[in-house]
Structures are given as C-alpha cells and as structure tokens.
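>
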Amino acid sequence: NDLVSSILPPSAFEFQFSLSNQRRVDCLIRLPQPPGPIAVDAKFPLESYYALQKAEDDSQTKTAQRAFRTAIGKHVKDIQERYILPGETADSALMFLPSEAVYAELHANFPEVVEQSYRARVWIVSPTTLMATLNTVRAVLKDARMREQAGVIQSEVLKLLDDVRRLDDRTQKLQTHFGQAGKDLELIATSTKKITRQAERIEEVQLAETDGEELEPTPVDDQGQGADIVDLPKRGA
Numbered sequence: 231n232d233l234v235s236s237i238l239p240p241s242a243f244e245f246q247f248s249l250s251n252q253r254r255v256d257c258l259i260r261l262p263q264p265p266g267p268i269a270v271d272a273k274f275p276l277e278s279y280y281a282l283q284k285a286e287d288d289s290q291t292k293t294a295q296r297a298f299r300t301a302i303g304k305h306v307k308d309i310q311e312r313y314i315l316p317g318e319t320a321d322s323a324l325m326f327l328p329s330e331a332v333y334a335e336l337h338a339n340f341p342e343v344v345e346q347s348y349r350a351r352v353w354i355v356s357p358t359t360l361m362a363t364l365n366t367v368r369a370v371l372k373d374a375r376m377r378e379q380a381g382v383i384q385s386e387v388l389k390l391l392d393d394v395r396r397l398d399d400r401t402q403k404l405q406t407h408f409g410q411a412g413k414d415l416e417l418i419a420t421s422t423k424k425i426t427r428q429a430e431r432i433e434e435v436q437l438a439e440t441d442g443e444e445l446e447p448t449p450v451d452d453q454g455q456g457a458d459i460v461d462l463p464k465r466g467a
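Per the working numbering, the sequence shown starts with residue 231, numbered consecutively.
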C-alpha cells in the first residue's frame, strides 16, 4: 500500500476494490482505456519458499519445489480468473510478491511457472519491479492528462480565434465609420475656413465703407457655398 500511495496520485488507485463479480482485489490502478484498470493482488507463498530453503536432501528439495510450483501456479490461475474481466479491467493483471528473495528464486529455478504466468497475462512483480512499473504507470497517467488538457486548450484556442475574427470584423467596421467621420470633419473644416474668410471680408467691407471704397460681393458656388476669396485691396493702397 505504501509503495503505491507514495508513487501514484490518490485518484489513480483504490485499495480493496470490489469488482462486478464480487471479488475484492488488493489494489485497482485506474489506467485510461486502453488498457483500462489493472488489478494488483499480493500473494505470499512463504511457507513453500521456507520449506524449499530448509530442505536438507534431494527428496525434501523436490517436495518443496513441487509445493512452491503448485502454490505459485494456483495464485496465477486465481488472479487470471478473478481479476481479469473483459470490458471491466485490463486484459492483464499484476501478481505482487513482497519478497525479492522469493521473486529471485522463482525466476532462477522455475522458468516454467514464469512462462505459465505470461500465458495467463499475469505479470509477477517484486517490490523493485513494482516500483518501476508504477513509475511507468505514473508517466502514462501524466501523458493522458496532458492529452486531455491539450483537448481543452485546443477548444479554448478555437474560441479565442472566433473572438479574434469577430474583433477584426468590428475593427474594420469601426475603421469604415471613422473614415466617413474623417471626411465629414474635412468638410466641416472647409466650411469653417470659408465662414472665417467671409467674416473677415465683412469686416473689410465695413472698413472700406468707412474709407469710401466699394467691394465686389463674395462669389457663391453651385452649392450655395462661398467660393475661394481673392485678395482684396488693402487700405491706403
């Protein structure tokens, strides 16, 4: 338990999980599909292992080996039948041997049992190999989360692009509006200049009347606006 909880996030596993067949597995690691959740069950074939280590002659050794082989084979079969459920779990499971010594004995002297576990798709792991497996699982989970986040990011980017397109459209409309407003301002400036010139001319007319001079009326264009003003004779010229 400590090994799993020290490596994987809490959401990635559950201890003593009950499957649909009412079997309770020691730990279920929640991997994304595929392969799906994978069961981890601990087995302790210590009695047969100790008997093997204490054997004093060939007869005892053969008896202990037979018992050890049978115990491991039964554990493999039980895990295959109980914890590999099509459509519910991954198509494989982990059998955890909590002793490096037992794991080493198995792989060194019982290759046929290891081969049996391969055929049953039950991978036998020790504390060291389970740690390596869990680190791989953690990397897989991290990659899966990144892919999920990538989907969210892609969706947000698409929304942002839509907003940018709308902003560009509105900016173009605003530019058109300002363009028209600029033309109107130019016309207003032109009219202001003409009004100013007319005011100046009126002032000059008043001054000319005082001096006894006569001035021509301001020309008017076809739109009723004052035409450009010609230079007028200055007083005393």
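Don't be surprised by glycine CBs; every beta carbon is placed ideally from N, CA and C.
Output yes or no for whether 8 angstroms exceeds the beta carbon distance between D344 and S322.
For the sequence presented, residue 344 should be read as Val rather than Asp. Their beta carbons are not under 8 angstroms apart, which means V344 does not touch S322 by this criterion.
> Compare the beta carbon distance of A285 and A294 with 8 angstroms and say whether it is the shorter of the two.
A contact, by the Cβ cut-off of 8 angstroms.
> Spell out the partners DSSP gives I314 in its beta bridges.
In DSSP, I314 forms no bridge with anything.
> Who are A331's beta bridge partners in DSSP?
In DSSP, A331 forms no bridge with anything.
> At which residues does the beta strand (DSSP E) containing S248 begin and terminate?
Note, S248: beta strand (DSSP E), F243 to S248.
> Name the residue from P275, A269, N339 and A320 whose alpha carbon lies nearest to the alpha carbon of E292.
Inspection of the sequence shows that residue 292 is occupied by Lys rather than by Glu. Considering only alpha carbons, the answer is N339.
> Excluding the 5 residues flanking A297 on each side, which residues of the same chain have their C-beta closer than 7 angstroms to its C-beta?
Contacts found: S278 and A281.
> Which residue or residues does DSSP assign as beta-bridge partners of L258?
DSSP lists E244 and A269 as partners of L258.
> Relative to the alpha-carbon of V367, which residue among R260, R254 and K273 has its alpha-carbon at the smallest distance?
With distances taken between Cα atoms, V367 lies closest to R260.
> In angstroms, rounded to a whole number, what distance separates the CA positions of S356 and L336?
Going from the Cα of S356 to the Cα of L336 covers about 11 angstroms.
> Flag this pair as yes or no: are the beta carbons of V306 and A334 separated by less than 8 angstroms?
Not in contact: V306 and A334 (Cβ atoms no closer than 8 angstroms).
> Where does M325 land, buried or exposed, given buried means 16+ other C-beta within 10 angstroms?
By the neighbour-count rule (16 or more Cβ atoms within 10 Å), M325 is buried.
> How about Q263 and R254: are their beta carbons less than 8 angstroms apart?
No. Outside cutoff.
> Measure the CB-CB distance between L327 and I354 and report whether it falls below 8 angstroms.
Yes; because the gap between Cβ atoms is below 8 angstroms, this pair is in contact.
> Comparing alpha-carbon positions, which option in P239, S236, I309 and L276 lies nearest D256?
Selected option, being the one with the closest Cα: I309.
> Check the C-beta distance from L258 over to P267 and give it rounded, since I have them as a contact under 8 angstroms.
Indeed, because the Cβ distance is near 5 angstroms, the residues count as touching under 8 angstroms.
> Rounding to the nearest angstrom, what Cα-Cα distance links P341 and A269 in this structure?
If you take the alpha carbons of P341 and A269, they lie about 23 angstroms apart.
> Rounded to whole angstroms, what's the CA-CA distance from M361 to S289? Just pull it up for me.
Those two C-alpha atoms are separated by around 37 angstroms.
> Mapping DSSP to helix, strand and coil, what is F326?
F326 falls in the strand class under three-state DSSP.
> Looking at the secondary structure, which residues open and close the alpha helix (DSSP H) in which D287 lies?
No alpha helix (DSSP H) contains D287, which DSSP labels as neither H nor E.
> Just confirm the distance between the C-beta atoms of Y521 and L371, as a whole number of angstroms; I'd bet it's less than 8 angstroms.
No answer is possible for residue 521: it lies beyond the span of the chain, which begins at 231 and ends at 467.
> Give every residue of the same chain whose Cβ lies closer than 7 angstroms to the Cβ of N365, excluding the five residues on either side of it in the sequence, and list them in chain order.
I237, listed in sequence order.
> Considering only the beta carbon of each residue, do Q252 and G303 sit closer than 8 angstroms?
Taking 8 angstroms as the Cβ cut-off, Q252 and G303 do not qualify as a contacting pair.
> Using a Cβ-Cβ cut-off of 8 angstroms (strictly less than) and excluding sequence neighbours within five positions of N231, which residues of its own chain qualify?
So the qualifying residues of the chain are F245 and C257.
> Pull up the DSSP beta-bridge partners for V355, would you.
F326, per the DSSP bridge assignment.
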